[in-house]
Amino acid sequence: MTSTPVVLLLKPSGIRQVDPRQPQLAVTDWGATSGDGVFESISIIDGRMPPLGARFDRLEASARALDLPVIDRARWTEALAMSIEAHDPVQRLAVTLAMTRGIEGGDGTPTAWLLARPARDFTGIRRSGVSVVTLDRGYASDAADGAPWLLLGAKHLSYATNAAALREASRRGADDVIFTSTDGLALEGPTSSLLVRRGDVVESPGVESGILAGTTQATAFRFFESRGLRTRFAPIRARDLADCDALWLVSSVRQAVAVHTLDAQPMPVDGDLTAELNDWLAGAARSE
């Protein structure tokens with residue numbers, strides 16, 4: 040039982056737990072030199088293994104986009120179970136699965152690891168919500184069609200642009216970002232999916248606009264449908280965000296946070312519905 044990070048290396052010979060205080064990644068690893076790799080984030084609540092199918096589907100899709108090998112789901116699941124057991128009874132864990140192209144000049148064997156650590160407490164921000172600015176991503180919404188090498192729909196390790204966007208938001212006095220396309224569509228956050236409510240309809244941008252498929256977004260859609268609301272994927276014009284009835288940014292660890300301010304303008308917030316949504320998301324993570 041531990042409250043410290045657990046690091047597991049996935050080698051061809053098996054899974055090995057290593058000291059998180061010691062260096063484990065070679066400086067010549069493609070992940071370190073180029074961000075050439077993929078990752079997936081998983082939230083563990085009350086030590087329960089969550090449904091993994093959608094997570095693995097997205098990890099495999101990202102790996103295919105980067106021409107990386109297909110992941111071994113059984114081995115990743117075993118490593119995840121080991122990390123949960125090592126941390127029991129920590130209430131919430133944030134787990135990262137990562138795989139890179141391996142060592143430059145090596146034999147082509149990918150580098151793969153799992154990092155599990157106690158999750159940051161987002162209770163306050165789930166209640167208070169966030170202020171957001173819209174920032175131009177610099178691409179049209181159909182850019183991925185003609186330039187798949189941009190990896191717009193892949194969850195890859197090159198997160199410098201996302202981190203830079205969050206720093207820009209901070210400079211503008213905001214907490215988070217909604218990216219927009221050069222042709223005027225709202226897309227996603229640097230680490231989250233966008234949900235928009237208008238009346239009895241909840242919308243989210245579709246992956247055809249070059250965004251990451253949202254696994255938490257899919258679970259949130261089921262919640263809204265259970266409340267009698269309609270859900271759909273649709274193009275969402277950035278200029279229309281200010282006229283919606285509610286905005287949320289959703290992700291696996293932080294869950295759902297309401298947007299209370301958009302580009303310095305106050306937005307309507309349904310606190311009760313947001314709390315119910317977060318209860319639903321937490322319950323879904325405990326469902327197995």
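Numbering of the sequence shown is given in the working numbering, commencing with residue 40 and proceeding in unit increments.
Where a beta carbon is used, it is the ideal one built from N, C-alpha and C, also for glycine.
Please indicate yes or no: does the CB of residue 76 lie closer than 7 Å to some heavy atom of the ligand GTP? For the ligand GTP, the structure offers nothing, since it holds no ligand at all.
Buried versus exposed call for residue 131 [16 or more other C-beta atoms within 10 Å across all chains shown]: The sequence position of residue 131 within the sequence shown is 92, counting from 1. With a threshold of 16 other beta carbon atoms within 10 Å, residue 131 meets it and is buried.
Among 59, 54 and 50, whose alpha-carbon lies nearest the alpha-carbon of residue 42? What you label residue 42 is simply residue 3 of the sequence shown in a count that begins at 1. Closest option to residue 42, Cα to Cα, is 59.
What number of angstroms, rounded off, separates the C-alpha of residue 322 from the C-alpha of residue 176? Sequence index remark: in the sequence shown, residue 322 carries index 283 (1-based). Sequence index remark: in the sequence shown, residue 176 carries index 137 (1-based). Answer to the nearest angstrom: the Cα atoms are 34 Å apart.
Is residue 288 buried or exposed, if buried means 16 or more other CB atoms sit within 10 Å of its CB? Here the question's residue 288 lines up with position 249 in the sequence shown. Of the residues assessed, residue 288 falls on the buried side of the cut-off, its CB having 16 or more other CB atoms within 10 angstroms.
State the start and end residues of the unbroken alpha helix (DSSP H) segment that holds residue 126. Your numbering for residue 126 matches position 87 in the sequence shown. Element bounds for residue 126: 112-126.
Supposed contact pair residue 81 and residue 134 - C-beta distance, whole angstroms, cut 8 Å: The count along the sequence shown starts at 1 and reaches residue 134 at position 95. The count along the sequence shown starts at 1 and reaches residue 81 at position 42. Residue 134 to residue 81, Cβ: 4 Å. Contact.
Any idea what DSSP makes of residue 144, helix, strand or coil? Here residue 144 corresponds to residue number 105 of the sequence shown, with the count starting at 1. Residue 144: coil per DSSP, three-state reduction.
Rounded separation between residue 197 and residue 137 - CA only: Position 158 of the sequence shown, counting from 1, holds the residue named residue 197. Position 98 of the sequence shown, counting from 1, holds the residue named residue 137. Spanning the two alpha carbons is a distance of roughly 12 Å.
To the nearest angstrom, how far is it from the Cα of residue 83 to the Cα of residue 94? Mapped onto the sequence shown, residue 83 falls at position 44. Mapped onto the sequence shown, residue 94 falls at position 55. About 13 Å.
Return the first residue and the last residue of the beta strand (DSSP E) that residue 53 is part of. For this step, residue 53 is matched to residue 14 along the sequence shown. Where residue 53 is concerned, the enclosing beta strand (DSSP E) stretches over 53-57.
For the segment 156-244, list the alpha helix (DSSP H) runs that are entirely contained and at least 4 residues long, ordered along the chain. The segment 156-244 contains these whole alpha helix (DSSP H) runs: 162-167, 182-185 and 199-210.
Start and end residues, alpha helix (DSSP H) containing residue 72: On the sequence shown, residue 72 is found 33 positions in, with the first residue counted as 1. Element bounds for residue 72: 69-73.
With DSSP as the reference, label residue 266 as helix, strand or coil. Sequence index remark: in the sequence shown, residue 266 carries index 227 (1-based). Correct three-state label for residue 266: coil.
Integer-rounded CB distance, given that residue 242 should sit under 8 Å from residue 273: Here residue 273 is taken as the residue at index 234 of the sequence shown, counted from 1. Here residue 242 is taken as the residue at index 203 of the sequence shown, counted from 1. Sure, about 5 Å apart at Cβ, within 8 Å.
Check whether the segment 267-282 touches the segment 218-233, counting contact only when three or more Cβ pairs, one atom from each stretch, lie closer than 8 Å. When Cβ pairs closer than 8 Å are counted between the two stretches, the segment 267-282 is seen to touch the segment 218-233, the count reaching three or more.
Check this for me: beta carbons of residue 171 and residue 215, under 8 Å apart or not? In the sequence shown, residue 171 corresponds to position 132, counting from 1. In the sequence shown, residue 215 corresponds to position 176, counting from 1. The Cβ atoms of residue 171 and residue 215 sit closer than 8 Å to each other.
Mapping the DSSP letters down to three states, classify residue 387 as helix, strand or coil. Residue numbering for the chain in the displayed model covers 40 to 327; residue 387 lies beyond these limits and cannot be assessed.
For residue 107, which residues from the same chain have a beta carbon less than 7 Å from its beta carbon, with the 5 sequence-adjacent residues on both sides left out? Residue mapping note: residue 107 aligns to position 68 of the sequence shown, counting from 1. Cβ-Cβ distances below 7 Å link residue 107 to 77, 138, 140 and 149 in the same chain, with the five nearest sequence neighbours on each side left out; the list follows chain order.
Can you tell me whether residue 349 is buried or exposed, with buried defined as 16 or more other CB within 10 angstroms of its CB? Because residue 349 is not part of the residues shown, which for the chain are 40 to 327, the question remains open.
My parser needs the alpha helix (DSSP H) runs of 4 or more residues fully inside the segment 245-309; what are they? Inside the segment 245-309, DSSP marks whole alpha helix (DSSP H) runs of 4 or more residues at positions 254-265, from first to last along the chain.
Start-to-end residues for the beta strand (DSSP E) that takes in residue 98: By one-based count along the sequence shown, residue 98 stands at place 59. Under the DSSP assignment, residue 98 falls outside any beta strand (DSSP E), being part of the alpha helix (DSSP H) whose first and last residues are 92-104.
Give me the Cα-Cα distance between residue 156 and residue 174, rounded to the nearest whole angstrom. Locating residue 156 in the sequence shown gives position 117, where the first residue counts as 1. Locating residue 174 in the sequence shown gives position 135, where the first residue counts as 1. Note on geometry: alpha-carbon atoms of residue 156 and residue 174 lie some 31 Å from one another.
Apart from the five residues on each side of it in sequence, which residues of its chain come closer than 8 Å, Cβ to Cβ, to residue 327? Sequence index remark: in the sequence shown, residue 327 carries index 288 (1-based). Bear in mind that the predicted position of residue 327 carries a pLDDT of just 48, short of 50, making it too unreliable to give a figure here.
Local Cβ density within 10 Å of residue 92, reported as buried at 16 or more and exposed below that: Translated into the one-based positions of the sequence shown, residue 92 becomes position 53. With fewer than 16 Cβ atoms within 10 Å of its Cβ, residue 92 is classed as exposed.
Taking contact to mean 3 or more Cβ pairs, one atom from each stretch, closer than 8 Å, check whether the segment 203-214 and the segment 258-268 are in contact. By the Cβ criterion, the segment 203-214 is not in contact with the segment 258-268, since fewer than three pairs of Cβ atoms, one from each stretch, lie closer than 8 Å.
According to DSSP, is residue 43 helix, strand or coil? Here the question's residue 43 lines up with position 4 in the sequence shown. In this structure, residue 43 counts as coil in the three-state DSSP scheme.
For residue 236, which of 61, 312, 146 and 190 has the nearest alpha-carbon? Counting from 1 along the sequence shown, the entry for residue 236 is found at position 197. If we check each option's Cα against that of residue 236, 312 comes out closest.
Burial state of residue 124 (16 or more Cβ within 10 Å): Here residue 124 is taken as the residue at index 85 of the sequence shown, counted from 1. By the neighbour-count rule (16 or more Cβ atoms within 10 Å), residue 124 is not buried but exposed.
Rounded distance between the beta-carbons of residue 232 and residue 350, thought under 8 Å: There is simply no residue 350 to check, as the chain begins at 40 and stops at 327 in what is shown.
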